[in-house]
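Engineer: Protein sequence lines, in the order shown, are assigned to chains A and B.
The first sequence begins at 1 in the numbering used here and counts up by one.
The second sequence begins at 215 in the numbering used here and counts up by one.
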Amino acid sequence: MTLQVNNLQCIRGDRELFSGLSFALQQKQLLMLEGANGSGKTTLLRTLCGLYLQEQGDILWDGVSIRKLDDQYRQELLYLGHYNAIKMDLTALENLRINTLLGGYNPGDNALMQALDAIGLFGFEDYPTRQLSQGQKRRVALARLLVSKQKLWILDEPFVALDVAAVELLQNIIAAHVDAGGMAILTTHQEVPLTTGAVKRLRLGEKQGVLADA
Amino acid sequence: MLSAFWIVLKRDLLLALRRRNEVFTVLFFFIVVISLFPLGVGVEEKILTKIAPGIVWIAALLASTLALDRLFSSDFEDGTLEQLLLTPHSLSVMVFAKIVAHWLLTGLPLVLIAPLVGLLYQIPVDSIAVMMLVLLLGTPVLSMIGAIGAALTLGLRGGGVLLSFLVLPLYIPVLVYGAGAISASMAQGVSIQPYLLLLSAFMILSLIFAPWATAAALKISIE
């Protein structure tokens, strides 16, 4: 499985964020997206998801345009944006259940409880998420990663609001996903130490381009 | 595809159950508007019975626009809407589930409360049955047309006011034929069948087009 981006150009409003952007991502690879605030990191991620339409260029999944693949591509995709995409009136467990069911699979409540415990929400599964702290809400959203079957993770600033322990936990989760043959793209100002697998870096902004593979 | 429908429907009903006030707001608004009219125009039986069909429908139109603005905006604000767009299911199906949930929470209560309105305005029993029937046919159309408007105005500043301007004129056919059917049932020797057929046609038409148009509008609004 490959994600290939050819000559991508994105314009928001009347400002060109980037153009001529090309890169490829294979299995067992992690792409770190860097760049100053406002350099178009989020726009690039949302374009890769298919939420935004690019001005020019192609995004190919296994050689086929993601527009053409449509729901087949979305089957492989897990996107976590700035918003946690959880409902404040539902409990952590209900939120996770709905999100995974909509993702197209049903791991069962036991697996969901285990995921919530593993992400550090033991004892909070049945609280309305309204009553949880910012970091805990983020953990509810991140619990999806633990039960996901999607190959491609696109994470926008996943470490925001997390405490030190949770940051380390999330780093391990991402590393394990990549090691197991997954792919991940993330924007962050945090380093993600990966034991194996390749880390690619892509810089947006003035010195745009793929940096040397680490 | 069907599973996505049930998941979204159940989710929206569960959310409404946790925040009952939003459902009751619509119902109370309807009842208050209905009960203000006799105070304003007097309690003369003849006048009240004559204007009742129009009042019921106008109150229903206004009540249904009341909750429209929250139909997609709460999902939009917390990011769950973009997640719906990214699920491997048809967006139209999930949008239809949201519309059905909206109707169950705001349209169906109006249908059920209709007999009370009938008593207040001294409408004959037969006409009360007709009123419930036309509300049952007409309120889903309101929800479906409203959903298109809600999707189009999503994320706009002052979207709520714009939404009313946008959808209320589109509600006019339902108002005309819905109120017409109740009036016809009170008059002697007038058939209500044409009214029912037209309302059914509106419903089928909006059933076919509204989920699809709403989904398309949502994709534009998210962009």
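Where a beta carbon is used, it is the ideal one built from N, C-alpha and C, also for glycine.
Keep in mind that this is a model prediction, so the values were computed, not measured.
Any beta carbon from chain A within less than 8 angstroms of Gln-407/B's own beta carbon?
Structural biologist: Reading the second sequence from its first residue, position 193 is the one you call residue 407/B. No, Gln-407/B does not count as interfacial toward chain A.
Engineer: Can you look up Thr-367/B in the DSSP assignment and give me helix, strand or coil?
Structural biologist: Here residue 367/B refers to the residue found at position 153 when the second sequence is read from its first residue. Reduced to three states, the DSSP call for Thr-367/B is coil.
Engineer: Between Arg-74/A and chain B, is there a C-beta pair that is closer than 8 angstroms?
Structural biologist: As a first step, residue 74/A must be located in the first sequence, where it is residue number 74. It does; some Cβ of chain B falls within 8 angstroms.
Engineer: Find the residues of chain A that neighbour Ile-422/B, judging by a C-beta separation of less than 9 angstroms, and give them in chain order.
Structural biologist: In the second sequence, the residue the question calls residue 422/B occupies position 208. Under the 9 angstroms cutoff, chain A gives no residues; its nearest Cβ is about 21 angstroms from Ile-422/B.
Engineer: From Leu-275/B, Asp-340/B and Gln-407/B, pick the residue whose C-alpha is nearest to that of Leu-384/B; which is it?
Structural biologist: For the purposes of this step, residue 384/B is taken as the residue at position 170 of the second sequence. Comparing Cα positions, the closest option is Leu-275/B.
Engineer: Apart from the five residues just before and just after Ser-420/B, which ones in its own chain have a Cβ nearer than 8 angstroms to its Cβ?
Structural biologist: Indexing the second sequence from 1 puts residue 420/B at position 206. Excluding sequence neighbours, Ser-420/B sits near Pro-354, Val-355, Met-358 and Ile-359.
Engineer: Taking the C-alpha atoms as reference points, what is the distance between Arg-46/A and Ile-337/B?
Structural biologist: Indexing the first sequence from 1 puts residue 46/A at position 46. Indexing the second sequence from 1 puts residue 337/B at position 123. Their backbone Cα atoms lie some 56 angstroms apart in a straight line.
Engineer: Check whether the Cβ of Lys-41/A lies closer than 8 angstroms to any Cβ atom in chain B.
Structural biologist: The residue given as residue 41/A occupies position 41 in the first sequence. Taking Cβ atoms only, chain B never reaches closer than 8 angstroms to Lys-41/A, which makes this a no.
Engineer: By the 9 angstroms beta-carbon criterion, what residues does the region 281-313 of chain B contribute toward chain A?
Structural biologist: Listed by position, the residues of the region 281-313 of chain B near chain A (Cβ gap below 9 angstroms) are Ser-288, Asp-289, Glu-291, Asp-292, Gly-293, Thr-294, Leu-295, Glu-296, Gln-297, Leu-298, Leu-299, Leu-300, Thr-301, Pro-302, His-303, Ser-304 and Met-308.
Engineer: Quick check: the region 138-148 of chain A against the region 81-96 of chain A, are at least 3 beta-carbon pairs closer than 8 angstroms?
Structural biologist: These segments touch.
Engineer: Would the C-beta of Ile-434/B count as close to the ligand ATP, meaning under 7 angstroms from any of its heavy atoms?
Structural biologist: Because no ligand of any kind appears in the structure shown, any question about the ligand ATP cannot be addressed here.
Engineer: By the 10 Å Cβ neighbour count, where 16 or more other Cβ atoms means buried, how is Lys-151/A classified, buried or exposed?
Structural biologist: Against the first sequence, residue 151/A aligns to sequence position 151. The residue in question, Lys-151/A, is buried, as its Cβ has 16 or more Cβ neighbours within 10 Å.
Engineer: What does Ala-198/A pair with, by DSSP beta-bridge criteria?
Structural biologist: Counted from its first residue, the first sequence places residue 198/A at position 198. Answer is Gln-29/A.
Engineer: Can you tell which of Leu-170/A, Asp-58/A and Ala-161/A has the C-alpha that lies nearest to the C-alpha of Ala-118/A?
Structural biologist: Numbered from its first residue, the first sequence carries residue 118/A at position 118. Taking only the C-alpha atoms, the option nearest Ala-118/A is Leu-170/A.
Engineer: At a CB-CB cut-off below 7 angstroms, which residues of chain A make contact with Ala-361/B?
Structural biologist: Numbered from 1 along the second sequence, position 147 holds the residue referred to as residue 361/B. Residues of chain A passing the Cβ test: none, with the nearest at roughly 19 angstroms.
Engineer: Would Ala-266/B count as contacting chain D if we go by Cβ distances under 8 angstroms?
Structural biologist: Reference to chain D is not applicable here, since the protein chains of this structure are A and B.
Engineer: Using a C-beta to C-beta distance shorter than 8 angstroms, which residues of chain B count as neighbours of Ile-98/A?
Structural biologist: In the first sequence, counting from the first residue as 1, residue 98/A sits at position 98. Ile-221 and Arg-225, listed in chain order.
Engineer: Below 7 angstroms CB to CB, which residues in the same chain sit around Gly-181/A once its five sequence neighbours on both sides are set aside?
Structural biologist: Within the first sequence, residue 181/A is the residue found at index 181, counting from 1. For Gly-181/A, where only same-chain residues beyond five positions count, the Cβ hits under 7 angstroms are Gln-27 and Lys-28.
Engineer: Short check: CB of Leu-77/A to CB of Leu-300/B, under 8 angstroms?
Structural biologist: Sequence index remark: in the first sequence, residue 77/A carries index 77 (1-based). Sequence index remark: in the second sequence, residue 300/B carries index 86 (1-based). Closer than 8 angstroms, so yes.
Engineer: Alpha carbon to alpha carbon, how far is Lys-225/A from Leu-25/A?
Structural biologist: Outside the displayed span of chain A (1 to 214) sits residue 225/A, for which this structure offers no information.
Engineer: Of the residues Leu-132/A, Leu-116/A, Leu-48/A and Ser-148/A, which one's Cα is nearest the Cα of Val-178/A?
Structural biologist: Start at 1 with the first residue of the first sequence, and residue 178/A comes out as number 178. Ranking Leu-132/A, Leu-116/A, Leu-48/A and Ser-148/A by Cα distance to Val-178/A puts Ser-148/A first.
Engineer: Classify Phe-423/B as helix, strand or coil using the three-state DSSP reduction.
Structural biologist: Looking up residue 423/B in the second sequence gives position 209. DSSP places Phe-423/B in helix when its eight states are reduced to three.
Engineer: Compare the beta carbon distance of Gln-134/A and Ala-161/A with 8 angstroms and say whether it is the shorter of the two.
Structural biologist: The residue given as residue 134/A occupies position 134 in the first sequence. The residue given as residue 161/A occupies position 161 in the first sequence. Cβ distance < 8 angstroms, so Gln-134/A and Ala-161/A count as in contact.
Engineer: Could you give the residue range of the beta strand (DSSP E) that holds Arg-12/A?
Structural biologist: Indexing the first sequence from 1 puts residue 12/A at position 12. Looking at the DSSP string, the run of the beta strand (DSSP E) that includes Arg-12/A is 2-12.
Engineer: Residues bridged to Phe-18/A by DSSP?
Structural biologist: The count along the first sequence starts at 1 and reaches residue 18/A at position 18. Phe-18/A is bridged to Cys-10/A.
Engineer: Compute the Euclidean distance between the alpha carbons of Ile-66/A and Asn-106/A, then round it to the nearest angstrom.
Structural biologist: Locating residue 66/A in the first sequence gives position 66, where the first residue counts as 1. Locating residue 106/A in the first sequence gives position 106, where the first residue counts as 1. Roughly 25 angstroms separates the two Cα atoms.
Engineer: Please confirm if Ile-418/B has its CB atom under 8 angstroms from at least one CB of chain A.
Structural biologist: Taking the second sequence and counting its residues from 1, one reaches residue 418/B at position 204. No, Ile-418/B does not count as interfacial toward chain A.
Engineer: Leaving out five residues on either side along the sequence, give the residues of the same chain with a beta carbon under 6 angstroms from the beta carbon of Ala-214/A.
Structural biologist: To locate residue 214/A, count along the first sequence from 1; it is residue 214. Bear in mind that the predicted position of Ala-214/A carries a pLDDT of just 43, short of 50, making it too unreliable to give a figure here.
Engineer: Could you list the residues in the region 233-252 of chain B with a C-beta less than 9 angstroms from some C-beta on chain A, going in chain order?
Structural biologist: Cβ contacts with chain A come from Arg-233.
Engineer: Can you list, in chain order, the residues of its chain whose CB lies under 7 angstroms from that of Gly-35/A, leaving out five sequence neighbours each side?
Structural biologist: Within the first sequence, residue 35/A is the residue found at index 35, counting from 1. The answer, listed in chain order, is Lys-41, Arg-203, Leu-204 and Gly-205.
Engineer: If we define contact as Cβ-Cβ less than 8 angstroms, is Ile-436/B a contact residue for chain A?
Structural biologist: Here residue 436/B corresponds to residue number 222 of the second sequence, with the count starting at 1. With 8 angstroms as the cut-off, Ile-436/B counts as an interface residue toward chain A.
Engineer: Within its chain, find whatever has a CB closer than 7 angstroms to the CB of Gly-374/B; leave out the 5 residues flanking it on each side and keep chain order.
Structural biologist: Mapped onto the second sequence, residue 374/B falls at position 160. Asp-283, listed in sequence order.
Engineer: Can you find at least 3 beta carbon pairs, one from the region 336-350 of chain B and one from the region 395-406 of chain B, that sit closer than 8 angstroms?
Structural biologist: Enough Cβ pairs lie closer than 8 angstroms, so yes.
Engineer: Can you tell me the Cα-Cα spacing of Leu-241/B and Ala-277/B, whole angstroms?
Structural biologist: Here residue 241/B refers to the residue found at position 27 of the second sequence. Here residue 277/B refers to the residue found at position 63 of the second sequence. Cα to Cα, the separation comes out at about 7 angstroms.
Engineer: Quick test of your reading: Ala-273/B and Ala-365/B, contact by CB under 8 angstroms. State the CB separation rounded to the nearest angstrom.
Structural biologist: Your numbering for residue 273/B matches position 59 in the second sequence. Your numbering for residue 365/B matches position 151 in the second sequence. Not really, about 25 angstroms apart at Cβ, beyond 8 angstroms.
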